[in-house]
Each structure stands twice: as C-alpha cells, then as structure tokens.
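Keeping their order, the protein sequence lines are chains A and B.
First residue of the first sequence? That's 1 in my numbering, and the numbers climb one at a time after it.
First residue of the second sequence? That's 1001 in my numbering, and the numbers climb one at a time after it.
Working notes, beginning with the structure itself.
2 protein chains.
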Amino acid sequence: MAKDFGVWEGEVTTELPGQTDAGLYFIGRIRTPWKERKDCPKNARESDAVCTVELDERWAAGLQDLASCSHVILLYWMDRSPRNIVLQVPAHYGVQRGTFALRSPARPNPIALSVAKLLRIEGRVLSVVGLDCLDETPLLDIKPYFASTDSVPEAVVGWHQRRD
Amino acid sequence: MAKDFGVWEGEVTTELPGQTDAGLYFIGRIRTPWKERKDCPKNARESDAVCTVELDERWAAGLQDLASCSHVILLYWMDRSPRNIVLQVPAHYGVQRGTFALRSPARPNPIALSVAKLLRIEGRVLSVVGLDCLDETPLLDIKPYFASTDSVPEAVVGWHQRRD
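Spelled out as structure tokens, the structure:
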C-alpha cells in the first residue's frame, strides 16, 4: 500500500470482520483535476474547480427532475483507503482523533460525502463545484440536497473549534 | 418482496449489473421506535423521538472526540429496498420522478443519509434526534457535521418547491 494511504505512527487499528455484509455498485465516475492525493484540496470548499460526474448509461433515466436542484449530495468510494483504523493522526492536524470524529477517507466503509453546487446536466454528465477527491473516483449515489433537513448552520465540531 | 418495498405502476426499472464492485461492513444497528415502514416519519425532521445508534465493539475506539460534535451525519443501509428503479412514483407525491432527484430508499446503492442532533454518547451507544428509519437498520458510518462544508441554507429543490 502506498505511504499516502497507509497506517501512520500513533494510529490504532482493529481487526476487520471476516466478510462483508452488503455489496455496492459503482454507478459512474467523478472526474476532477487532481491525479494524486497531495494535489487534492483539504476540503470541498477550498477549490472552485468545476468537476464532472459521469453517470453510467444504465442509470441515466434516474437523472430526471434533478436539474431543478441547486445543490446535490454526492456519495463516492475512497477505494484506496485502509479500513481498519479506529484512531488516526491526520497529517494536517498532528493529533490523534477517533475515526468517527473525522472526515478522513480511512474508515470502515470509505464512503465520502460532499455537498456540491450543481451547475448543469448535459445528458448523463453533471457539472458541479465543491469536490475534493481524486480523478476517476467511483460514484455511489446522487441525492438532492434539502435545506430543510440537511442544513444546520449552527452545528459545532468542538474539537475543531478549540483548535483555532 | 413485500408490497411496501416493491415496484409500483408508473415506475421504470433497469437491469442490475451482474456483480457488485465493493463490499460494506455493517458496523452497528440503529434502534428506533418504528417497526414497519408505514410508521416511519416521512422525513427526519418530522419526529423528535430519541433514537439510539449502537456501534459494534470492534469499532468503539473510533468514537473518541465525537462527543464534542453537536450534530452527526449517519449513513445506513436500507436493506429492504429494490435497487433497479430509475423512475419512481413516491406514494405521497403521486408523480413520476427520477431516482436521483429523490431521497427514496429505492436506489442503486440504498445508502440513506440523515443529519442528526447528538444528545450524548454512553460507551458505544449514541443518543440522537433526527432519524426516520426502521428499527434495527444496519449502520454504515458516523461522520461529524461541519457547517462550513455541509450547511447550505439557500439550497433549493425546484421540483419540490413548485409542488407547494
């Protein structure tokens, strides 16, 4: 495993279960300008690069009505991440944290989530702003973003706030 | 398949791929008051019931630092949903829509997402408000909710707005 995606000093792992419980289909690919992890923005609001989401033909009819949404939630698969790390030390923080208190791609199910601004849909290709993942990342899902249930402006991540 | 979770008139299906591309671990269970789909709230803000998220012992160390978060994103697996529907007719709207324009559990990868208020963590059990899923739903992930990247109060779902 490349060092980029390995287990670092101060990190704690657990034994993975002997088998998985459910299967995922990759339903498309995300195209971004970033070919290596070190080039990716640290979070999705750091870049205003226009990225594209290419949905496979099989699912294309499912895009109906989506163009009326200003923002979408994209779920994608961080396929190069270790899955057995429960305590980790993100390089840019340098402090050990629990996996579920972080948005790190290293987690038991490496499903990443980004809220992206939807610019347009042409055929089965979405143009969006607000992604931070590697080029060719496998797509898992596209959902409409509902401010009524998904937006919590007052939410606080205490450990992150205290860091400032 | 129970009628609750089947394919309805006006719905359009696609052929599923011959195999899945990645595997998921169920990392815990969500406990809610709702035993049947008809009892579930229509969306996660409709109920203020306190639900619990029971993480398996294997992953428990990963909860470190999470208690400092006011809100969490929960990903869970809607294991009774058909995965081949691309155009569907939600009962409470009665209009055909594309799967990716809906938050319906019927989708190629039935991963549901809820933003929940975190009340407390005791051992490996989280108490939260803001879920709408069936009791015993398999848990896939817990993430901290960052208002800076996850909250978009001005987001619009056009088809839903016009419905009013």
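The C-beta atom is built at its ideal place from N, Cα and C for all residues, glycine as well.
Within the model, the alpha-carbon separation for Ser114/A versus Trp1059/B is close to 24 Å. Burial is judged here by how many other beta carbons sit within 10 angstroms of a residue's own beta carbon; Tyr145/A has at least 16 and is buried.
If you draw a straight line from the Cα of Ala112/A to the Cα of Gly62/A, it comes to about 21 Å. In the three-state scheme derived from DSSP, where H, G and I count as helix and E and B as strand, Arg1107/B is classed as coil. The Cβ neighbour count for Gln1064/B, taken over all protein chains shown within 10 Å, is at least 16; the residue is labelled buried.
Remark: C-beta atoms of Ala116/A and Val128/A approach each other more closely than 8 Å.
Around Ala49/A, the same chain offers Pro33 as residues with beta carbons nearer than 6 Å, after the five sequence neighbours per side are excluded. Of all residues in the stretch 58 to 83 of chain A, only Arg58, Trp59, Ala60, Ala61, Gly62, Leu63, Gln64, Asp65, Leu66, Ala67, Ser68, Cys69, Ser70, His71, Val72, Ile73, Leu75, Trp77, Asp79 and Arg83 place a beta-carbon less than 9 Å from a beta-carbon of chain B.
Gln64/A sits in coil when the DSSP states are folded into three classes, being neither helix nor strand. For Thr137/A, the enclosing beta strand (DSSP E) stretches over residues Thr137 to Pro144. By the Cβ-count criterion, Ala1044/B is buried, with 16 or more other Cβ atoms from all chains shown falling within 10 Å of its own Cβ. Arg1162/B sits exposed, since fewer than 16 C-beta atoms from the chains shown fall within 10 Å of its C-beta. Under the rule that a run must span 3 or more residues, the beta strand (DSSP E) segments found entirely inside the stretch 41 to 94 of chain A read 50 to 55, 71 to 77 and 85 to 88. For Ala1147/B, the enclosing alpha helix (DSSP H) covers residues Ala1147 to Asp1150. Taking 8 Å as the threshold, the shortest C-beta distance from Glu154/A to chain B falls below it. Going by beta carbons, Pro1105/B and Met1078/B fall inside the 8 Å limit. DSSP places Thr1013/B within a strand segment (E or B) once states are collapsed to three. Sequence-distant partners of Cys51/A (beyond 5 residues in either direction) whose C-beta falls short of 7 Å from its own C-beta, in its chain, are Ile30, Arg31, Thr32, Val128 and Leu131. Within the same chain, and ignoring the five residues on either side of Ser1070/B in sequence, the residues whose Cβ sits closer than 8 Å to its Cβ are Lys1117, Leu1118 and Tyr1145.
The beta-bridge partner set that DSSP reports for Lys1117/B consists of His1071/B and Val1129/B. For the stretch 26 to 43 of chain A, residues whose beta-carbon sits nearer than 9 Å to a beta-carbon of chain B comprise Phe26, Ile27 and Asn43. Counting only Cβ-Cβ distances below 7 Å, Asp150/A has contacts in chain B at Val1115, in chain order.
About 34 Å separates the CB atoms of Val53/A and Gly18/A; that is not less than 8 Å, and the two are not in contact. Chain-ordered listing is empty here: chain A has no CB closer than 7 Å to the CB of Thr1137/B, the nearest sitting near 12 Å. Under a criterion of Cβ atoms nearer than 8 Å, no residue of chain B is adjacent to Asp48/A; the nearest Cβ is some 13 Å distant. Interface residue (Cβ-Cβ distance to chain B less than 8 Å): Gly23/A is classified as such. Close to Pro108/A, with beta-carbon spacing below 7 Å, are these residues of chain B in chain order: Tyr1025, Ile1027 and Trp1059. With a cutoff of 8 Å on beta-carbon distance, Val1012/B and Pro1082/B are scored as not near each other. Put simply, the backbone Cα of Leu1140/B is about 15 Å away from that of Leu102/A.
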